[in-house]
Amino acid sequence: MTELLLRLAVPTPLYRSFDYLPPRACNPATLQPGQRVRVPFGRRNVVGILLETTGESGIAREKLKHATAIIDDEPILSAELMAMVQWASAYYHCPIGEAMATALPVLLRRGDSPDAPVITCWRLTAAGRQVDVNTLARARRQAATLNLLAQHPDGLARDAIDAPAAVLQALADKGWIESVAHSRPDVTDTTPADTPHTLNADQQQALTTMLASLDHFHPCLLEGVTGSGKTEVYLQLIEKVLSRGQQVLLLVPEIGLTPQLVTRFRQRFQIPLAILHSGLNDRERLTAWQQARSGAAAIVIGTRSAIFTPLARPGLIVVDEEHDASLKQQDGFRYSARDLAVWRARHLDIPVILGSATPSLESLYNVEQGRYQHCTLPERTGNARMPDFKVLDIRNQPLEDGLSYPLLDAIRAHLDAHGQVLLFLNRRGFAPTLMCYECDWVAECRRCDARMTWHHADNHLHCHHCGSQRPVDTVCPQCNSTELHPVGQGTERVGQALAERFPDIERIRIDRDTTRRKGELQALLAQAESGERQLLLGTQMLAKGHHFPNVTLVAILDADHGLFSTDFRASERMAQLIVQVAGRAGRHERRGEVIIQTAHPDHPLLQQLVTRGYPAFARAALAERQAAGLPPATRIALLRAEAANAQEPIDFLEDARQRVSDSGISGVEAWGPVPATMERRAGRYRAQLLLQSEQTGRLQQLLGLLVRQLEGLKSARRVRWSIDVDPADTY
Ligand code: ADP
Ligand code: ZN
Ligand code: ZN
227 MTELLLRLAV
237 PTPLYRSFDY
247 LPPRACNPAT
257 LQPGQRVRVP
267 FGRRNVVGIL
277 LETTGESGIA
287 REKLKHATAI
297 IDDEPILSAE
307 LMAMVQWASA
317 YYHCPIGEAM
327 ATALPVLLRR
337 GDSPDAPVIT
347 CWRLTAAGRQ
357 VDVNTLARAR
367 RQAATLNLLA
377 QHPDGLARDA
387 IDAPAAVLQA
397 LADKGWIESV
407 AHSRPDVTDT
417 TPADTPHTLN
427 ADQQQALTTM
437 LASLDHFHPC
447 LLEGVTGSGK
457 TEVYLQLIEK
467 VLSRGQQVLL
477 LVPEIGLTPQ
487 LVTRFRQRFQ
497 IPLAILHSGL
507 NDRERLTAWQ
517 QARSGAAAIV
527 IGTRSAIFTP
537 LARPGLIVVD
547 EEHDASLKQQ
557 DGFRYSARDL
567 AVWRARHLDI
577 PVILGSATPS
587 LESLYNVEQG
597 RYQHCTLPER
607 TGNARMPDFK
617 VLDIRNQPLE
627 DGLSYPLLDA
637 IRAHLDAHGQ
647 VLLFLNRRGF
657 APTLMCYECD
667 WVAECRRCDA
677 RMTWHHADNH
687 LHCHHCGSQR
697 PVDTVCPQCN
707 STELHPVGQG
717 TERVGQALAE
727 RFPDIERIRI
737 DRDTTRRKGE
747 LQALLAQAES
757 GERQLLLGTQ
767 MLAKGHHFPN
777 VTLVAILDAD
787 HGLFSTDFRA
797 SERMAQLIVQ
807 VAGRAGRHER
817 RGEVIIQTAH
827 PDHPLLQQLV
837 TRGYPAFARA
847 ALAERQAAGL
857 PPATRIALLR
867 AEAANAQEPI
877 DFLEDARQRV
887 SDSGISGVEA
897 WGPVPATMER
907 RAGRYRAQLL
917 LQSEQTGRLQ
927 QLLGLLVRQL
937 EGLKSARRVR
947 WSIDVDPADT
957 Y
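Have a look at this one:
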C-alpha cells in the first residue's frame, strides 16, 4: 500500500498547495482536513493546514519532505469553514495559504492551542480597593472602571468592561487591578435588563416573515430608514434563535461596532457575547474565537473578519449596514464579508439578514432577481419623523470658510432653539490645497500624483495618500512669491471658523486627526451623544450608526465630491453617505432639518435623492448601471499592477491582456490597460486591466486560467500584481 501524502495550505503567496509525507510516527487514521501540521518550508518551519490526504503527488516521492508534527488531534477548522475558505480562495483568486491564514487568529497560525478557553478577568487588588476614586476626576474612565470592578469582587471578564486596553493597562501599572484567568465566560452583568419594544406593524411584519424561515437558507434584505427599528427587529429575531439553542453571528462595519451597540445587546440578553474587532490583542481575539467555537458565547458580534469565526450551533447570520465598503477587504485576501455571509448561510442552510437604510445596488438587484426577500421599514419608530431636505445652491453665494450665509443663519436658529447641529465634511486637515496666487503653483506630493493637505495644528503639509509630510512652504518654489494661500477647507478650518462665529458654543470635531489615540473616538462620541456639546463637526466617522438624540440640523458642506468621480460607484456611495448623515437628524421628538450645500443643485441623482428618497435614487441608479453594462448587471474583476516606473505595469498588463485574447474563452471583455486615476502613489506607478462579463462562470474560468499563467510571466517579476474580484472601487 502506498503511504498517504498530506496536501497542505502553507502560508505563502504562491497559488498552490504543497504535498508532504506524514510525520514519521503518525497514524494515518487520525488525519482529518482542518488539522494544523508543522512542516519545514524553505529554511523556515511553518504551520500549514491539512486540506486533504492523497495517494498521488505531482512530485516524486523521494523529493517530498516529512511533516514535523500534526499539531491538532481534532480539526481546528470545521468542514464547513474549510469549505468556505477554499471556495473563497478560488472565487477571489487568493492563494489558499494566504486565505487560510486570514481566516485564523494569529495565535493559532503560530500553533497555540485552540482549546481551554482562558478568559482574562480583571479584579481590584488590595491597593485598588483603597483608592479614593474622587481623586481620579481627570481620568474619568479609570475611575469608572474602578467603580465597576468594585462591584465584582471575583473579577469581571474583559469583554464586560467598557474601557480601552490602555485604561486597563494604566490601572494595572499603578498596581490597582490585576488580571486573573477564568476557564469559562462569566455571565457578568450589572447592566440593567432591558425589555423588548412592542413592534410597530412594519416591524412585526418583517419579524413574522423572518420567523417563518428559521429552518432553512433564507436571504432577506431588511431595508429600513434610519431609526426605523431595524436593530429592534434583529434583537427579537435573535431572541427566538437563542431560545432554539442556536448561535447568532452579527457582522457590522468597523465604525458601527460601538459600545452603544454592545451595551444594547448586553442589556437585552444578559448572556456572554464574543466581540471581535480590530482593537483586540491576539490573546483577546483567540479567546473570543474559542468562545464562539465552543458555543459558550451564543452571540458573536464582529467586524469583517468575524465571518470566519467558527460556530458550534449556527442559527442565524445578520449583516448590518450591508452596503458598507469596509465589509470588503481591500488588500491581500480581497473577500466580501457580506457575500461570504450569504454563501455561508446557504451552506449551513440557515437564514441570513442583510440590513441597511441604504442598501447596496447589488442587494437590491438580488431582490429584483427574486434571489432575496425584501422587508421594508419605511417609517421611523414612535413620533420621530424623517427630516426635511433642503438643497442650498452655493453658486452665487459668498462662502466663509465653506459656510454660506443661509447655512450660518440656520445653524444659529437651531442652536438658539437648543438643538444640536451636526456639520459633515468628508475632508480632514485645514485646507486641501496650498496655492500661489501669483503663478497658480500648488503644493503637490513628491511621491504621489496628489495635492498636499495643509494641517494647521502642526503647520505641515500632509499627503493623505502616502502619509508623507513636510513643513509648509513660505515662498513659492516656482516664482518666489510669498503669496501662498490655503484654498478650500477641511474639518480643521471649518472648526476654527465655527469657533470664531459661535465662540460661546462648545464644539466637538471628530476626524482621524482628533481620534488617533485609543479611546478618544469613544470619548468624543459619548460627549456628542450626551448633548453636552452643541456643535458637532466631522468626517464619515461621525456619520454612521450613532444615535444623537438632540441633533436637529444636519448640514452637508460639500455634496459635490461624489457627483463627478471616475469611479462608477461614487454616486451610490455619496447618496448612501448623505442619507446616513441625514439620518442623524431628528431621531427624537423634534423634527430634523438637513441642508445640502452644492454647486450642482440640478444634478439628476441628487434631485432624485432629496425629492423622492433613497429607494427612488437606487432604482434610477440601478437602471443606469444596467444600461451601461456595469455591476451588478455584470461581474467585474480588476487586475492591478504597480512598479517603480510607469512602463512595467503596462507591459505586464499588456501581456495579461494577450493571454485573455489567447484563452479562447468568450464572453469576457478586457478594458485597458490604463494607468490608475492617481497613477503614482507612494512613489510607485499603478495601472489596471478591467475584466468584465455578464456570466460570472466565464469570468471565473478565465481568471483561474490567467492566474496560473501570470505567475510564470517574465514581466510579472518586475511588478507587484493582484486580482480584485467584485472590487469595491475601480480607481
Ligand atoms: P435602526 O436600527 O433602524 O436605526 P433602532 O432599532 O436603533 O433603529 O431603533 C431606533 C430607536 O427606536 C431606538 O431608540 C429604539 O429603542 C426605538 N425603537 C425601536 N423599535 C421601537 C418600537 N417598536 N417602539 C418604540 N421604540 C422603538
Ligand atoms: Zn508662484
Ligand atoms: Zn503622497
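Numbering (our numbering), first residue to last: 227 to 957. All C-beta atoms, glycine included, are put in the ideal place defined by N, C-alpha and C.
Going by CA-CA distance only, name the one from the options that's closest to residue i.
i: Q695; options: Y957, T837, R264 and R672; result: R672
i: A538; options: I302, A293 and P841; result: I302
i: A913; options: F656, T956, H691 and A352; result: T956
i: L475; options: Q555, Y460 and N622; result: Y460
i: A872; options: P775, C674 and A725; result: C674
i: I297; options: P248, V451, P875 and T602; result: P248
i: G645; options: R653, A636, L651 and N652; result: A636
i: A683; options: R924, A676, R861 and R654; result: R654
i: Y591; options: R287, A846 and L230; result: A846
i: A853; options: G558, V900, F794 and H600; result: F794
i: K400; options: A438, T421 and A352; result: A352
i: L553; options: A563, D952 and V545; result: A563
i: L603; options: Q704, E718, D642 and P841; result: P841
i: A432; options: P857, P703, H442 and K456; result: K456
i: G693; options: P703, R799, R677 and D699; result: R677
i: T708; options: A669, A749 and C662; result: C662
i: L512; options: I497, S454 and F534; result: F534
i: G938; options: Y241, R264 and L502; result: Y241
i: I736; options: E755, P729 and F878; result: E755
i: R470; options: L483, D441 and T489; result: D441
Say the cut is 7 Å; is the CB of residue i nearer than that to a heavy atom of ligand 2?
i: E594; result: no
i: C702; result: yes
i: W962; result: The question about residue 962 has no answer, for the chain in this structure spans 227 to 957.
i: S707; result: yes
i: E670; result: no
i: C692; result: no
i: E664; result: yes
Taking DSSP's pairing of strands, which residues face residue i in a bridge?
i: W313; result: DSSP lists no partner for W313.
i: R270; result: F267
i: S582; result: E449
i: K616; result: I821
i: I296; result: V263
i: E282; result: None; E282 has no bridge partner.
i: S405; result: W348
i: L382; result: W348
i: M661; result: V668 and H711
i: Y246; result: L232
Comparing the CB of residue i with every heavy atom of ligand 3, is any distance shorter than 7 Å?
i: R673; result: yes
i: H686; result: no
i: A676; result: yes
i: A908; result: yes
i: C320; result: no
i: C689; result: yes
Counting contacts by CB-CB distance shorter than 8 Å, is residue i in contact with chain B?
i: Q599; result: Annotation note: the requested chain B is absent from the structure, which comprises a single protein chain.
Self-check item: Within the stretch 711-769, ranges of the alpha helix (DSSP H) (whole runs, at least 4 residues)
Solution: 717-727 and 746-756
Q. At which residue ranges does the stretch 860-904 contain complete beta strand (DSSP E) runs of 3 or more residues, listed in the order of the chain?
A. 861-869
In chain order, which continuous runs of the beta strand (DSSP E) of length 3 or greater are located wholly inside the stretch 676-716? 679-681, 686-688, 695-697 and 710-713
What runs of the alpha helix (DSSP H), each 4 residues or longer, lie entirely inside the stretch 799-850? 830-833
* alpha helix (DSSP H) segments (min. 4 residues) lying fully within the stretch 484-510 -> 485-495
- prompt: ligand 1: which residues have Cβ under 6 Å from any of its heavy atoms, chain order?
  reply: H423, T424, L425, N426, Q429, G450, T452, G453, S454, G455, K456, T457, E458, T607 and G608
Which runs of the alpha helix (DSSP H) at least 4 residues long sit entirely within the stretch 416-478? Give them in chain order.
427-437 and 456-469
Whole runs of the alpha helix (DSSP H) within the stretch 522-608, excluding any shorter than 4 residues: 563-574 and 587-594
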